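1 is the number of the first residue of the sequence shown in our numbering; add one for each residue after it.
By construction, the Cβ of each residue, glycine as well, lies at the ideal position given by its N, Cα and C atoms.
Since the structure is predicted, the reported quantities are computational estimates derived from the model, not experimental observations.
Each remark here refers to the structure printed beneath this line.
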Amino acid sequence: MSDREVFKITIKPYGASYHCYPGESLLTASRNSGLTLANNCQKGECGTCKVKIRKGQIKLAPFMLSALSMQEIDADYTLACRSTPLTDVEILVEMSGWPDARFYPRKDKQD
Ligand code: FES
């Protein structure tokens, strides 16, 4: 697989990044990388995985409007569990305060 078939996902403001294969969701790729984005239902119903797209393009699969409103879409928010990248993407993960983190390293991936 060439580098062009893998997209780089950068998490702001933390600067962490991971790779995502075409057709893979931002959430699944984050889990595979060990930088798991906050999530719950994993099917576009709860809104827990909401992130803001700062750069790049994504394809958004069907979801519940109770999880992500049209106003939020207009403001560049998306659901990581329903979003697949079409380019390299920069996402903003809003965090209200540690330990209520919006992403966290998987315990089984820590050294
Ligand atoms: S984890 Fe529930 S909407 Fe993504």
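Counterpart residues of residue i in DSSP-defined beta bridges
| i | result |
| --- | --- |
| Glu90 | Thr10, Lys55 |
| Cys49 | Paired residue(s): none; Cys49 is not in a bridge. |
| Cys41 | Bridge partners of Cys41: none, in fact. |
| Ser17 | Thr10 |
For residue i, the three-state DSSP class (helix, strand or coil)
| i | result |
| --- | --- |
| Ser25 | coil |
| Ala80 | helix |
| Ser30 | helix |
| Pro99 | Confidence at Pro99 is low in this model, with a pLDDT of 42, below 50, so the placement of that residue is unreliable and no value is reported for it. |
Residue i: CB within 8 Å of a non-hydrogen atom of the ligand FES
| i | result |
| --- | --- |
| Ala80 | yes |
| Leu92 | no |
| Lys43 | yes |
| Asn39 | yes |
| Leu27 | yes |
Given residue i as reference, the closest of the options once Cα atoms are compared
| i | options | result |
| --- | --- | --- |
| Val93 | Lys43, Thr48, His19, Cys41 | Thr48 |
| Cys46 | Leu35, Ile53, Leu65 | Leu65 |
| Thr78 | Val51, Gln57, Cys41 | Val51 |
| Ile53 | Val6, Thr10, Ser30 | Thr10 |
| Gly34 | Ser17, Met70, Lys12, Glu72 | Ser17 |
| Tyr21 | Ala29, Ile91, Ala61 | Ala29 |
| Asp76 | Ala38, Asn32, Lys55, Phe7 | Lys55 |
| Lys43 | Ala61, Asn32, Thr36 | Ala61 |
Stretch pair the stretch 69-83 + the stretch 24-33: three plus CB contacts closer than 8 Å: yes
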